[in-house]
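S.K.: Read left to right, the sequence shown gives residues 1 to 181 (the UniProt record's numbering). Mind having a look at this structure? Questions to follow.
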Amino acid sequence: MSVNMPARIMIGTDQTRPRSYLLSKTDLFARALTAGYIPPDPPGTRRLFGWRLPDIQRPAVWTPTQQTRFIESAWLGFHLGVIVVTGPDEDNHPNADLLIDGQQRLGAFQAYWNGEVPAFGAYWTDVRPGQRQRFLDDPLLFTTLSPHLPDEVLTDLYIRMNFGGTPHRPEDHPDAQHRVT
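Below, the structure is given as structure tokens:
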């Protein structure tokens with residue numbers, strides 16, 4: 001018997017961008033809004049670095065400790081996963097410029113740069129300029145999807161990316177058993 005598998009729905013452009021892209025995107029969004037190039041958001045719209053958060057996204061839930069641990073991992077050069085967004089659209093398609101996956105991670109960057117959480121005991125403004133530049137130049141991975149994907153497809157992607165894992169149990173933690181030597 002031969003089975004026909006479904007077509008790919010996770011089709012997008014993969015890009016590596018420096019972390020400073022987040023700050024420049026925020027600045028560009030603010031200038032475009034001020035100049036009237038894009039309409040103001042309806043009340044209750046949530047944004048992060050210029051991307052809109054779809055209604056399917058939960059609120060920010062990472063604690064300051066989780067944000068700090070993530071930023072410390074970024075300083076140490078860990079792979080930070082892929083940020084999944086939809087691309088822009090000249091006709092202001094309702095699914096353009098959405099942040100599909102990465103809200104907690106990007107929220108940690110925002111909290112760090114706003115001086116709300118430290119990394120290794122130091123706040124962003126306390127870090128030497130050369131080291132700040134190195135941090136901003138380090139890469140972030142993005143997948144940009146078409147803004148014309150239907151809501152059902154974007155919801156399916158979100159569910160598959162965020163609800164498929166098995167949480168660790170407390171007894172699975174290395175400190176509960178032994179450390180790798």
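Idealized CB from N, CA, C, for every residue including glycine. Remember, predicted model here, so these are calculated numbers, not experimental data.
Can you check the segment 114-157 for any alpha helix (DSSP H) of at least 4 residues that lies completely inside it and give the ranges in chain order?
M.R.: 129-137
S.K.: With DSSP run on the structure shown, which of helix, strand or coil describes Ile-56?
M.R.: Looking up residue 56 in the sequence shown gives position 56. Residue state, collapsed to three classes: coil.
S.K.: Taking three-plus beta-carbon pairs below 8 Å as touching, is the segment 65-76 in contact with the segment 32-45?
M.R.: Flag = no, the segment 65-76 and the segment 32-45 do not touch.
S.K.: Do you know offhand how far Arg-128's Cα is from Arg-105's?
M.R.: Here the question's residue 128 lines up with position 128 in the sequence shown. Here the question's residue 105 lines up with position 105 in the sequence shown. Going from the Cα of Arg-128 to the Cα of Arg-105 covers about 23 Å.
S.K.: How should Thr-63 be labelled, buried or exposed, when 16 other C-beta atoms within 10 angstroms of its C-beta is the threshold for buried?
M.R.: The residue given as residue 63 occupies position 63 in the sequence shown. It counts as exposed.
S.K.: Do you know offhand how far Gly-115's Cα is from Ser-2's?
M.R.: Position 115 of the sequence shown, counting from 1, holds the residue named residue 115. Position 2 of the sequence shown, counting from 1, holds the residue named residue 2. Each residue's alpha carbon lies about 57 Å from the other.
S.K.: Rounding to the nearest angstrom, what Cα-Cα distance links Pro-139 and Ser-73 in this structure?
M.R.: The residue you call residue 139 lines up with position 139 of the sequence shown. The residue you call residue 73 lines up with position 73 of the sequence shown. Approximately 13 Å between the Cα atoms of the pair.
S.K.: What separation, rounded to the nearest whole angstrom, lies between the Cα atoms of Leu-154 and Ile-100?
M.R.: In the sequence shown, the residue the question calls residue 154 occupies position 154. In the sequence shown, the residue the question calls residue 100 occupies position 100. Rounded to the nearest angstrom, the gap between the Cα atoms of Leu-154 and Ile-100 is 7 Å.
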